[in-house]
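Just add 5 to the spot in the sequence shown (first one is 1) and you have the working numbering. Ideal Cβ placement from N, Cα and C applies to all residues, glycine included. Taking it in order: structure first as structure tokens, then the write-up.
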Amino acid sequence: MGRVKQLLCKAFYESGLIYDLKVLDAFLARVYWKGAHEVHECSERLPYRVIDNYVESHGIRIVLGDRSHPKAVEVQWCYPDWIERHELKENYTLKALENSSKGIVQNSEAIQQFNELMKDLSSPRKSISSQDRLMVV
């Protein structure tokens with residue numbers, strides 16, 4: 006990821022297309038991996054085969070023995086958009102749960118204070134002696 010950001014800096018900042026570092030930082034913060042291509046070498050030539058059963062569900066395609074890498078297994082993956090939307094929705098839900106848990110804690114503290122007040126009010130008062138009848142309690 007560092008190499009990708011370095012190339013983008015050379016392309017946009019050093020060439021003069023972007024002058025402001027704040028704009029460049031905001032641009033680079035939105036850069037993320039959307040997919041990759043990995044090659045795993047084998048000792049012998051493999052028959053050509055494409056396994057794409059998991060492209061729609063997980064974004065994974067496996068290619069064996071193509072022209073570019075006849076002695077390799079290629080794993081191509083991409084980050085499906087529906088997973089990204091699901092993660093954003095999950096993050097929003099987690100934040101909402103955190104906020105509601107804070108509200109529940111505050112409500113329980115207020116209920117405890119109210120219960121203590123009611124306990125103090127409902128406790129019997131001490132008796133007034135005959136000498137203190139003129140005092141207001």
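1. Under a three-way DSSP split, which group does residue 91 fall into?
2. Would residue 36 be called buried (16 or more neighbouring beta carbons within 10 Å of its own) or exposed?
3. Hey, residue 42 and residue 77 are a contact pair by Cβ (cut 8 Å); roughly how many whole angstroms apart?
4. At which residues does the beta strand (DSSP E) containing residue 79 begin and terminate?
5. Taking Cβ positions, are residue 64 and residue 40 nearer each other than 9 Å?
6. Compute the beta-carbon to beta-carbon distance between residue 66 and residue 60, rounded to the nearest angstrom, for a pair I have assumed lies under 8 Å.
7. CA-CA distance, residue 13 and residue 50?
Per the coordinate set shown:
1. helix
2. Taking every protein chain shown into account, the CB of residue 36 has fewer than 16 other CB atoms within 10 angstroms, so this residue is exposed.
3. 11 Å between Cβ atoms; not a contact.
4. For residue 79, the enclosing beta strand (DSSP E) has its first and last residue at 77-83.
5. yes
6. The Cβ separation is near 5 Å, so the contact holds.
7. 37 Å
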